[in-house]
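In this note's numbering, the protein residues as written are 438 to 520.
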């Protein structure tokens, strides 16, 4: 994947997953799905979820989605881990 760089479309509701994997992120509006915004975070690879720039981009997307300052749901606070 890192060498061929194929085009992939990944649909996720997880902001960290989107930032970790994507070169371009499209935020959609609900019902009907319309593009709200599109961003291309200039994050170097490999990406570190604890990096200041990564966390800044995460906060930007939370603000864009209107989730800044809200308490996380139990699924967000304690995400499931496959074992």
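Glycine included, each C-beta is placed from N, C-alpha and C at the ideal position.
Bear in mind the structure is a predicted one, so any value in this text is a computation, not a measurement.
(message) Taking 7 Å as the limit between beta carbons, can you name the residues of its chain near residue 495, skipping five residues before and five after?
(response) On the chain shown, position 58 is the one that residue 495 refers to. Taken in chain order, the residues that qualify are 452, 453 and 456.
(request) Using the DSSP secondary-structure output, state which residues sit across from residue 452 in a beta bridge. (result) As a working mapping, residue 452 is identified with position 15 in the chain shown. Its beta-bridge partners do not exist; DSSP assigns none.
(message) So, with DSSP's three-state summary, where would you put residue 471?
(response) Within the chain shown, residue 471 is the residue found at index 34, counting from 1. Here residue 471 sits in strand by DSSP.
(message) Below 8 Å on the Cβ atoms is my contact criterion, and I expect residue 464 with residue 449 to pass it. Report the Cβ-Cβ distance as a whole number of Å.
(response) Mapped onto the chain shown, residue 464 falls at position 27. Mapped onto the chain shown, residue 449 falls at position 12. Between residue 464 and residue 449, the beta carbon gap of about 11 Å keeps them out of contact (Cβ cut-off 8 Å).
(request) Return the first residue and the last residue of the beta strand (DSSP E) that residue 462 is part of. (result) On the chain shown, position 25 is the one that residue 462 refers to. For residue 462, the enclosing beta strand (DSSP E) stretches over residues 462-466.
(request) Note down, in chain order, each residue of its chain lying with its Cβ closer than 8 Å to the Cβ of residue 461, except the 5 sequence neighbours on either side. (result) Position 24 of the chain shown, counting from 1, holds the residue named residue 461. The residues are 475, 476 and 477.
(request) Pull up the distance between the alpha-carbon of residue 447 and that of residue 459, whole angstroms please. (result) Here the question's residue 447 lines up with position 10 in the chain shown. Here the question's residue 459 lines up with position 22 in the chain shown. So the alpha carbons of these two residues sit roughly 8 Å apart.
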